[in-house]
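Numbering (my numbering), first residue to last: 44 to 286.
Beta carbons are placed, not taken as given, at the ideal position from N, Cα and C, and that holds for glycine.
Notes follow once the structure below has been shown.
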């Protein structure tokens with residue numbers, strides 16, 4: 044397999060070479076390019092690779108600009124520092140991705156996934172991906188239907204203070220109203236913008252606008268003080284504290 048790397052961070056490129064030698068010694072790395080202009084020149088002078096490992100941001104701009112007409116069918120695995128909201132763009136366009144920092148196991152799994160489906164890989168829709176990255180809000184719902192007796196009410200996402208799971212899942216608004224809602228917290232986290240909503244633990248998703256203060260607690264935990272008052276204290280474990 045002939046592979047091309049587009050990565051402008053020297054340390055990241057070295058790590059990628061090292062991991063590829065360990066997990067995929069059969070791979071032949073054609074070149075490692077740091078800029079859009081270098082990639083354009085390379086494509087003009089060489090036959091297309093079998094696969095590209097591609098960072099989004101290169102030293103002179105977005106890597107999308109390196110691709111000319113006719114090169115859209117080159118399979119791509121993104122190596123990106125983008126977070127969850129942007130990854131939906133890659134998912135919707137049938138490409139694989141690795142979020143930095145990623146492990147050797149994740150790299151091997153991505154290569155295996157591509158190898159198994161290489162004959163069915165669709166052309167990458169660069170235009171759609173770029174538009175989605177520029178407008179991440181379009182991925183997430185901004186209003187939700189909730190039931191109150193025989194009524195169906197509409198709650199805007201910015202009105203949600205937190206969601207709480209006990210035996211059932213409840214939605215609390217910033218005004219202190221409570222609604223029994225369907226589906227799991229995992230479903231709700233997938234629908235809400237993660238730049239605004241934070242999965243504090245297994246029981247709570249919190250709107251950051253509802254957080255009044257954060258208190259350090261025993262064993263490096265954090266305690267979130269939110270409004271309205273939650274049914275129980277909201278603690279964030281040590282391994283989730285940085286997020």
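Tell me which residue opens and which closes the alpha helix (DSSP H) that residue i is part of.
| i | result |
| --- | --- |
| residue 281 | 281-284 |
| residue 64 | 53-66 |
| residue 230 | 228-234 |
If contacts are defined as beta-carbon pairs under 8 angstroms, then residue i and residue j qualify, I think. What distance do you get, rounded to the angstrom?
| i | j | result |
| --- | --- | --- |
| residue 200 | residue 184 | 7 angstroms |
| residue 101 | residue 49 | 6 angstroms |
| residue 207 | residue 223 | Not confirmed; about 11 angstroms, so no contact. |
| residue 255 | residue 270 | 6 angstroms |
How many angstroms separate the CA atom of residue i from the CA atom of residue j?
| i | j | result |
| --- | --- | --- |
| residue 118 | residue 284 | 37 angstroms |
| residue 241 | residue 248 | 6 angstroms |
| residue 57 | residue 75 | 10 angstroms |
| residue 217 | residue 282 | 28 angstroms |
| residue 79 | residue 237 | 30 angstroms |
| residue 151 | residue 93 | 16 angstroms |
| residue 28 | residue 71 | Given a span of 44 to 286 for the chain in the structure shown, any question on residue 28 remains unanswerable. |
Who are the Cβ neighbours of residue i in its own chain at under 7 angstroms, not counting the five residues just before and after it?
| i | result |
| --- | --- |
| residue 250 | 203, 204, 205, 239, 240 |
| residue 149 | 141 |
| residue 267 | 243, 249, 254, 257, 277, 279 |
| residue 156 | 139 |
I'd like the list of long-range same chain contacts for residue i, defined as Cβ closer than 6 angstroms, with 5 residues on each side in sequence excluded.
| i | result |
| --- | --- |
| residue 96 | 48, 120, 122 |
| residue 198 | 187, 189 |
Please report the residue range of the beta strand (DSSP E) in which residue i lies.
| i | result |
| --- | --- |
| residue 80 | Premise fails: residue 80 lies in the alpha helix (DSSP H), 79-88, not in any beta strand (DSSP E). |
| residue 265 | 265-269 |
| residue 256 | 254-259 |
Worksheet entry | Complete runs of the beta strand (DSSP E) confined to the segment 189-221 [at least 3 residues] | 194-199, 203-208, 212-216
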